[in-house]
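Please read the structure below before turning to the comments.
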Amino acid sequence: MNLAEIETFLMIVKTKNITKTAENLFLSQPTVSHRLKSLEDELDVKLITRKKGYKQIELTTQGEEFIPIAERWVSIWQEMQLLKHTQDRLYLTVGCTDTMNSAIFFDLYRQILKEKDHVINLHIKTHYSYELYGLLENHEIDIGFVYHHLHFKNIVTEPIMREKMYILQSARMASQQNAIHTDDLDPQKEIFVSWEANYQIWHDQTISKGEWPRIQVDTFELLFHLLSDETLWAIVPVSVAERIASLRPVHISEIANSSPPPERITYKIKHKYPNEATLKAVNAFEKKISAYLRTKDWGFVGK
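With my numbering applied, the sequence shown corresponds to residues 13 to 315, in that order.
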């Protein structure tokens, strides 16, 4: 049993298809089949079944039971590789969304870079929330921060922030009210960001009312640059409002609707079977995050 066979099996579990597995691993289909057969022969069990006329494969009971074993095997192999390079320094791969990196954790990263001890080496990956779950499940990141609570068998999800939403406009707007009802704003001038599912529902019922937003963005940088237009506005969580306000003159208003938008919840996600070699780094990073977020008035609810 070797890493190539284990990784091939886990990819088959993911794709449920030999052809797609071969494509994803840049292998031929015979190579994928050979690796699977070799693994089954060594384990002396049947891991998958193929039905005639169906492209997708099905896992046997033993195949299902072998998944967590295979995942732990990959983790152990990764730990062994780290032994070659790790002394006192900690290595950590963090996965976040674009806005989270740009608005929430930007200053934290700078703080870590300024530390004299240089204990943690960070690899920061930026992806959509749903992609981060997959990366964590495959141990491609050690810890993640997302806006969506999805259910994955091997992932533990914990809320760490509940942020209030605000209306953000250019400081050059003629009317700078402390509180604004969304009915008093032109929906055609909105820069829409779909922060998460519950917010999307609120927005559909309150603002768009069946109409498509004129412009929708999904990056902090694009939102920031578009807000230079004094006629445009956006609804953003407090962390984003404060970050943009630190970079350019803007006006932040409370939302005066009787039913305001739901708070944006940020979740921390970790693997049930973490890589033992990175546990120390994860724990150290979590302590830094908690200390950092406690200095902000952003609705920290973590430990």
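Just so you know, even glycine gets a beta-carbon here, dropped at the ideal spot from N, CA and C.
- In this chain, Ile124 is not harboured by any beta strand (DSSP E); it is covered by the alpha helix (DSSP H) spanning Phe118 to Lys126.
- Residue pairing by DSSP places His283 opposite Ile167 in a beta bridge.
- Under the 8 Å Cβ criterion, the stretch 80 to 95 does not count as touching the stretch 110 to 129, having fewer than three qualifying pairs.
- Distance from the Cα of His163 is smallest, within the candidate group Val106, Lys282 and Ile227, for Lys282.
- If you look at Gly156, you'll find it in the beta strand (DSSP E) that goes Ile155 to Val158.
- With 16 or more neighbouring CB atoms inside 10 Å of its own CB, Phe297 falls in the buried class.
- The three-state reading of DSSP puts Lys137 in strand, counting E and B together.
- By the C-beta density criterion, His151 is buried, having at least 16 other C-beta atoms within 10 angstroms.
- Look at the beta carbons and you see the stretch 170 to 182 touching the stretch 243 to 259: at least three pairs across the two are nearer than 8 Å.
- Beta-bridge partners assigned by DSSP to Leu180: Ala246 and Ile264.
- DSSP places Met13 in the coil class of the three-state scheme, outside both helix and strand.
- Contact between the stretch 167 to 179 and the stretch 265 to 283 is established, with three or more Cβ pairs separated by less than 8 Å.
- For Gln228, DSSP records a beta bridge to Phe204.
- Put simply, of Ala191, His237 and Thr43 the residue whose alpha carbon is nearest the alpha carbon of Ala257 is His237.
- An exposed status is given to Met92, since fewer than 16 other beta-carbon atoms sit within 10 Å of its beta-carbon.
- By alpha-carbon distance to Ile192, the top candidate from Ile136, Ala268 and Lys201 is Ala268.
- Going by DSSP, Arg101 is part of no beta strand (DSSP E) at all; its letter is neither H nor E.
- Straight-line spacing of the CA atoms in His46 and Ile213 works out to 48 Å.
- For Thr61, the enclosing beta strand (DSSP E) begins and ends at Ile60 to Arg62.
- Here the alpha carbon of Leu305 sits roughly 46 Å from the alpha carbon of Leu59.
- In the DSSP assignment, Leu259 falls outside any beta strand (DSSP E), carrying neither H nor E.
- Residue nearest to Val106 within the set Ile136, Gln217, Tyr145 and Lys49 is Ile136 (criterion: CA-CA distance).
- Contact annotation: Lys280 and Ile172 have beta-carbon atoms nearer than 8 Å.
- Note that the C-beta distance between Val250 and Trp207 is not below 8 Å.
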